[in-house]
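Asks: Each protein sequence line maps, in turn, to chains A and B. Here the first sequence is numbered in the numbering used here, starting from 1 and rising by one per residue. Here the second sequence is numbered in the numbering used here, starting from 1 and rising by one per residue.
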Amino acid sequence: MAASAPQCAGSGVSNAKLGVWLFLASEVMLFATLFTTYLVLRLGSASWPRGWETLNVPLAMMNTFVLITSSVTMVLAYAKAVERDLAGFRKFMGITILLGFAFLAVKSVEYGTKFHHHHYPSTNIFFAIYFTMTGLHGLHVIGGIIVNSALYYLSGKEWDHPLFVGRVEGAGLYWHFVDIVWIFLFPALYLL
Amino acid sequence: MVTHDAAHDQHAQAPSGWLRAYVFSVDHKVIGLQYLMTSMLFLLAGFGLMLLMRWQLAFPGQPIPIIGKLLSPSLAPNGVMTGEFYNALGAMHGTIMVFLGIVPLAVGAFGNYVLPLQIGAPDMAFPRLNMMSYWLYLPGGLLMLSSFILPGGAAQSGWTSYPPLSIINPGQTVWLLAMVIIITSSLLGAINFLVTTLNMRARGMSLWRMPVFVWAQLVTSVLLLLAFPPLEAAAVLQFMDRVAGTSFYIPSDLVVLGLRHRASGGGQPLLWQHLFWFLAHPEVYVLVLPPMGIVAEIMAANTRKPLHGYKTIVLGMISVGVMSFVVWAHHMFISGMSPILSNFFLVTTMIISVPSVAILTCLIYSLRGGSIRFTTPMLFALAFLPMFGIGGLTGLPLGLTATDIYLHDTYYVIGHFHYVVVTGSIIGLMAGVYHWFPKWFGRKMDDRLGRIHFWGTLLSMNGVFFPMFIMGMAGVSRRLWDPTAQAHNLTTQHLNVVSTASAYLLLLFQAPFIYNFFHSIFKGQKSEENPWQATTLEWACPSPPPHGNFEKPPCVYREPYDYSPRGCERDYIPQNVEAA
Ligand code: HEM
Ligand SMILES: [Cu+2]
Numbered sequence: 001m002a003a004s005a006p007q008c009a010g011s012g013v014s015n016a017k018l019g020v021w022l023f024l025a026s027e028v029m030l031f032a033t034l035f036t037t038y039l040v041l042r043l044g045s046a047s048w049p050r051g052w053e054t055l056n057v058p059l060a061m062m063n064t065f066v067l068i069t070s071s072v073t074m075v076l077a078y079a080k081a082v083e084r085d086l087a088g089f090r091k092f093m094g095i096t097i098l099l100g101f102a103f104l105a106v107k108s109v110e111y112g113t114k115f116h117h118h119h120y121p122s123t124n125i126f127f128a129i130y131f132t133m134t135g136l137h138g139l140h141v142i143g144g145i146i147v148n149s150a151l152y153y154l155s156g157k158e159w160d161h162p163l164f165v166g167r168v169e170g171a172g173l174y175w176h177f178v179d180i181v182w183i184f185l186f187p188a189l190y191l192l
Numbered sequence: 001m002v003t004h005d006a007a008h009d010q011h012a013q014a015p016s017g018w019l020r021a022y023v024f025s026v027d028h029k030v031i032g033l034q035y036l037m038t039s040m041l042f043l044l045a046g047f048g049l050m051l052l053m054r055w056q057l058a059f060p061g062q063p064i065p066i067i068g069k070l071l072s073p074s075l076a077p078n079g080v081m082t083g084e085f086y087n088a089l090g091a092m093h094g095t096i097m098v099f100l101g102i103v104p105l106a107v108g109a110f111g112n113y114v115l116p117l118q119i120g121a122p123d124m125a126f127p128r129l130n131m132m133s134y135w136l137y138l139p140g141g142l143l144m145l146s147s148f149i150l151p152g153g154a155a156q157s158g159w160t161s162y163p164p165l166s167i168i169n170p171g172q173t174v175w176l177l178a179m180v181i182i183i184t185s186s187l188l189g190a191i192n193f194l195v196t197t198l199n200m201r202a203r204g205m206s207l208w209r210m211p212v213f214v215w216a217q218l219v220t221s222v223l224l225l226l227a228f229p230p231l232e233a234a235a236v237l238q239f240m241d242r243v244a245g246t247s248f249y250i251p252s253d254l255v256v257l258g259l260r261h262r263a264s265g266g267g268q269p270l271l272w273q274h275l276f277w278f279l280a281h282p283e284v285y286v287l288v289l290p291p292m293g294i295v296a297e298i299m300a301a302n303t304r305k306p307l308h309g310y311k312t313i314v315l316g317m318i319s320v321g322v323m324s325f326v327v328w329a330h331h332m333f334i335s336g337m338s339p340i341l342s343n344f345f346l347v348t349t350m351i352i353s354v355p356s357v358a359i360l361t362c363l364i365y366s367l368r369g370g371s372i373r374f375t376t377p378m379l380f381a382l383a384f385l386p387m388f389g390i391g392g393l394t395g396l397p398l399g400l401t402a403t404d405i406y407l408h409d410t411y412y413v414i415g416h417f418h419y420v421v422v423t424g425s426i427i428g429l430m431a432g433v434y435h436w437f438p439k440w441f442g443r444k445m446d447d448r449l450g451r452i453h454f455w456g457t458l459l460s461m462n463g464v465f466f467p468m469f470i471m472g473m474a475g476v477s478r479r480l481w482d483p484t485a486q487a488h489n490l491t492t493q494h495l496n497v498v499s500t501a502s503a504y505l506l507l508l509f510q511a512p513f514i515y516n517f518f519h520s521i522f523k524g525q526k527s528e529e530n531p532w533q534a535t536t537l538e539w540a541c542p543s544p545p546p547h548g549n550f551e552k553p554p555c556v557y558r559e560p561y562d563y564s565p566r567g568c569e570r571d572y573i574p575q576n577v578e579a580a
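In structure tokens form, the structure reads like this:
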């Protein structure tokens, strides 16, 4: 009850990092909802096409490697930021951004051939969920590219800002999350 | 000490320039007041829509006086509203009240202004994000409201937007777009509140020393953070159904007006209901917990004794929050569900009522032995207890499958949840306006006008909603454009007149409030730092607080409600005072 010596209060995690983790928690709920939808629709359907019969597995496989590699380069970029090596940071961040674009390029080739074969979201429930989930994931990739490019650009001016490394770490967490979502999407849509 | 990054680097000096100071401000107090004004206007708008509907319900087929002439003939030929327009008004009433009225008022306004002060923080953790939340909320809300004049009109499928109707009806696309914007705004806000509460507390403000209001906002933010994304995803799917021709919610071989629907089919309408209620049940706690927190603060300050069972209240709020994720399908007992599932949701619903009752009991018990000050905020707080109680208890029959099968979709349901959100939430929020007004503007609101507002509001609210229980039990359906179209409704039609008359009275009794509010901002009686002799930290800084809030960061030495401590000449010791 009575007075006691005040201690500092706080979670011990920096604001930015805590904010990113909470944001990712909400993102998990978003994609969990979509995966649940996928399951419910699939279990409720009389027939469901095998992913590999209608989708291009080799292309998607390649995209999986592209994303995983970009996660590795993201970690390296963060490591360079911690080591205060600006040139190294730029190199790996640059590669991460380019790999993001590569993923999108492959994805648009895939979409293009689908449209060419008259497979649209309205075609059937399988393509509906395929386009919606990969589309939303694609938007997340674009978001990640924007954040990463902003950090690349800002690294000139704000390299010595006390929060810069924390921001790179936050962007990294997000980028890994986008990667993980794809790692679930790939088997769910293409392989099972 | 954790780095208070954003707050510090942006808050070293006060903003200069009118635009930065009042419009695109990053100060949590300005943003709080922006939310306050905007959400109260939306509440008034949502109320106005309902007043039009109430006329049609009481006097079906008779032209609406005055306003009927102003409405376009496509909405109300000869001043009598069409069924479609009635549906649009109803859907927009529900949506506006819930998502643009109460939540932004309870969280955006009260949370934003009061929470950082109560934990002794200079601002929110992410001030710029805070500004962005408001600047997503306002355009999202305006987009929602403007759907009345856009081609296709406003959404007509209820605030619940059940498919397949919502996929077929016009107007729904704008509703979905606006919802996604509003949800994004809420999500950003929730992240900000959580980080602020976890990281920005003053020295000595341990979790168990946080005021109940802060706990309420904390639990609310968790609910917003985890329950809103599923609705966002569900809204995206519905959007795809409308715009890209997918069939997530359209079953195979759907026939509309005798024609086979063009979509490929294979989807599941019930899926929407699950996703919607997975949000919308936690949402009712978002509507209720902050007002409960407000009422607790006011009761402690006006009974001059510590809250009875502070920890029980907090643990009650946390368990309500957790439980609220596993009860959603009690809204769907008659939608089609296996008995095993409906029994599960029946049981969880009964369990979740336990902590709610515990909280209310603690609050009622807090009155015992207090030397009660009957201030205007206290009157509202006192009224909250029985009124919210009625709302809660009338919910139990809706959680039991056997009774719900009869009561579902009748006016009984409308009565039940309006007792919760109107005589509960709104009464609690009004209590908060009177309580914190001196902090916001450095002046008090007038007590005599406050009392007129209080008694008039309380009586007319009961006049609006009590008849609905009787009508519902007599079998009157909700969402009914013309109640007299069904013979069994005729016996209770006079109650619709009572309800409508009370609704207009309710509008009338808001006049003293609106006058009092604006008059007191400029001419009210000057108030010092701590006009209620309260203990929590928001009263330890000037009224209104300057930029950065506290002159020097406060230190916290004790529990939040140290009222009438033994052996002390004052009857309260503020949290930031070391020795008695
Ligand atoms: C204070 C004045 C209010 C009055 C007179 C009022 C009256 C009504 C009535 C009569 C209905 C039923 C309409 C129908 O079934 O056709 C209704 C529906 C509804 N109200 Fe209110 N209400 C008020 C405030 C509120 C508030 C503050 C909230 C929310 C927090 C709210 C949320 C709703 C919702 C969600 C519905 C269901 C809409 C739907 O069926 O889609 N109302 N209201
Ligand atoms: Cu519920």
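Glycine included, each C-beta is placed from N, C-alpha and C at the ideal position.
Give the interface partners of B/Gly236 over in chain A, defined as CB-CB distance under 8 angstroms, in chain order.
Replies: In the sequence as displayed, the identity of residue 236 of chain B is Val instead of Gly. Going along chain A in sequence order, the residues near B/Val236 (Cβ under 8 angstroms) are Thr132, Leu136.
Asks: Decide yes or no for the touch test of the segment 109-116 of chain A against the segment 230-237 of chain B: beta carbon pairs closer than 8 angstroms, at least 3 of them.
Replies: The segment 109-116 of chain A is not in contact with the segment 230-237 of chain B.
Asks: Following a CB-centred definition, is A/Phe92 positioned closer than 7 angstroms to any heavy atom of ligand 1?
Replies: No, the Cβ of A/Phe92 stays beyond 7 angstroms of every heavy atom of ligand 1.
Asks: Spatial neighbours of B/Val420 within its chain, please: C-beta separation below 8 angstroms, excluding the five flanking residues on both sides.
Replies: Around B/Val420: Val284, Leu287, Val288, Phe388, Gly391, Gly392, Gly395.
Asks: Consult DSSP for A/Val181 and reduce its assignment to one of helix, strand or coil.
Replies: Reduced to three states, the DSSP call for A/Val181 is helix.
Asks: Going by C-alpha distance, which of A/Arg167, A/Leu55, A/Ala46 is nearest A/Val82?
Replies: The shortest C-alpha separation from A/Val82 is found at A/Arg167.
Asks: Using a Cβ-Cβ cut-off of 7 angstroms (strictly less than) and excluding sequence neighbours within five positions of A/Phe126, which residues of its own chain qualify?
Replies: Only Trp48, Pro49 meet the Cβ criterion.
Asks: Shorter than 8 angstroms from the beta carbon of A/Ser11 to some beta carbon of chain B?
Replies: Yes, because at least one Cβ of chain B sits closer than 8 angstroms to the Cβ of A/Ser11.
Asks: Please report how far the alpha carbon of A/Leu18 lies from the alpha carbon of A/Phe65, in whole angstroms.
Replies: Taking the straight line joining both Cα atoms gives about 29 angstroms.
Asks: Quick one: does A/Ile125 have its CB under 8 angstroms from some CB of chain B?
Replies: Yes - at least one Cβ of chain B is within 8 angstroms of the one on A/Ile125.
Asks: Just to confirm my understanding: we take B/Gly316, look at its own chain, exclude 5 residues before and 5 after, and list those with CB closer than 6 angstroms. What are they?
Replies: For B/Gly316, where only same-chain residues beyond five positions count, the Cβ hits under 6 angstroms are Pro355, Ala358, Ile359.
Asks: Can you determine whether any heavy atom of ligand 1 sits closer than 7 angstroms to the C-beta of B/Gly94, and answer yes or no?
Replies: Yes; taking the cut-off as 7 angstroms, the Cβ of B/Gly94 has a heavy atom of ligand 1 nearer than that.
Asks: Would you tell me roughly how many angstroms separate the C-alpha atoms of B/Ile66 and B/Tyr563, rounded to the nearest one?
Replies: Spanning the two alpha carbons is a distance of roughly 54 angstroms.
Asks: Check whether chain A comes within 8 angstroms of B/Leu44, counting only Cβ atoms and requiring the distance to be less than that.
Replies: With 8 angstroms as the cut-off, B/Leu44 does not count as an interface residue toward chain A.
Asks: Determine, using beta carbons only, whether B/Val219 comes closer than 8 angstroms to chain A.
Replies: Not an interface residue.
Asks: Specify whether the segment 449-465 of chain B and the segment 423-430 of chain B touch according to this definition: at least 3 beta carbon pairs, one from each stretch, less than 8 angstroms apart.
Replies: Flag = yes, the segment 449-465 of chain B and the segment 423-430 of chain B touch.
Asks: Is the beta carbon of B/Ala178 sitting closer than 8 angstroms to the one on B/Leu143?
Replies: Yes, they are a contact pair.
Asks: Give the interface partners of B/Pro230 over in chain A, defined as CB-CB distance under 7 angstroms, in chain order.
Replies: Per Cβ cutoff of 7 angstroms: Met29, Thr33.
Asks: Ends of the alpha helix (DSSP H) at B/Asp404?
Replies: First-last of the alpha helix (DSSP H) with B/Asp404: 401-407.
Asks: If we count Cβ pairs, one from each stretch, closer than 8 angstroms, do we get three or more for the segment 153-160 of chain A versus the segment 80-94 of chain A?
Replies: The segment 153-160 of chain A vs the segment 80-94 of chain A: in contact.
Asks: I need the straight-line Cα distance from B/Ala503 to B/Thr361, nearest angstrom please.
Replies: Taking the straight line joining both Cα atoms gives about 30 angstroms.
Asks: Using alpha carbons as the reference points, say which of B/Val212, B/Leu150, B/Arg201 lies closest to B/Gly309.
Replies: The shortest Cα separation from B/Gly309 among B/Val212, B/Leu150, B/Arg201 belongs to B/Val212.
Asks: Hey, quick one: how far does the alpha helix (DSSP H) through B/Gln118 stretch, first residue to last?
Replies: 112-118 is the span of the alpha helix (DSSP H), which, as asked, contains B/Gln118.
Asks: Go to A/Gly10, then tell me how far its alpha helix (DSSP H) extends in each direction, as first and last residue.
Replies: That residue, A/Gly10, is in no alpha helix (DSSP H); it is neither H nor E in DSSP.
Asks: Between the C-alpha atoms of B/His4 and B/Phe441, what's the straight-line distance to the nearest angstrom?
Replies: For B/His4, the predicted structure reports a pLDDT of 42, less than 50, and the residue's modelled location is therefore unreliable. A value from the coordinates is still provided. Computed Cα separation, rounded: 27 angstroms.
Asks: Can you say whether A/Ala2 is buried or exposed, counting buried as having 16 or more other CB atoms within 10 angstroms of its CB?
Replies: Here the model assigns A/Ala2 a pLDDT of 42, short of 50, so the residue's position is not dependable and the matter cannot be decided.
Asks: Count the C-beta pairs between the segment 102-114 of chain B and the segment 152-162 of chain B that are closer than 8 angstroms, then say yes if the count reaches three, no if not.
Replies: Contact between the segment 102-114 of chain B and the segment 152-162 of chain B is absent, because fewer than three Cβ pairs lie under 8 angstroms.
Asks: Beta-carbon distances below 6 angstroms to any heavy atom of ligand 2 define the shell here; list its residues in chain order, please.
Replies: Spelled out in chain order, the answer is B/His281, B/Val284, B/Val327, B/His330, B/His331.
Asks: Where in the segment 25-60 of chain A do unbroken runs of the alpha helix (DSSP H), each at least 4 residues long, occur, reported from the N-terminal end onward?
Replies: Counting only runs of 4 or more, we get 51-54.
Asks: Is any heavy atom of ligand 1 found at a distance shorter than 7 angstroms from the C-beta of B/Gly475?
Replies: Result no, Cβ not under 7 angstroms from ligand 1.
Asks: Just the chain B side, please: which residues come within less than 9 angstroms of A/Ala128 by C-beta, in chain order?
Replies: Per Cβ cutoff of 9 angstroms: Leu237, Met240, Asp241, Ala244, Gly245, Thr246, Ser247, Phe248, Ser264, Gly266, Gly267.
Asks: If you compare alpha carbons, which of B/Met468, B/Leu187, B/Ala381 is closest to B/Ile414?
Replies: It is B/Met468.
Asks: Taking only heavy atoms of ligand 1 into account, decide whether any of them is closer than 7 angstroms to the Cβ of B/Met50.
Replies: Because some heavy atom of ligand 1 lies under 7 angstroms away, the Cβ of B/Met50 counts as near it: yes.
Asks: If we call anything under 8 angstroms between Cβ atoms a contact, is B/Met53 one with B/Leu89?
Replies: Against a cut-off of 8 angstroms, the Cβ pair of B/Leu89 and B/Met53 comes out as a contact.
Asks: Measure the Cβ-Cβ separation of B/Asn489 and B/Met378 and say whether it is below 8 angstroms.
Replies: Result no, Cβ atoms of B/Asn489 and B/Met378 do not sit closer than 8 angstroms.
Asks: Which same chain residues, not among the five before or five after B/Gly321, have their C-beta less than 7 angstroms away from its C-beta?
Replies: Taken in chain order, the residues that qualify are Val219, Val222, Leu223, Tyr285.
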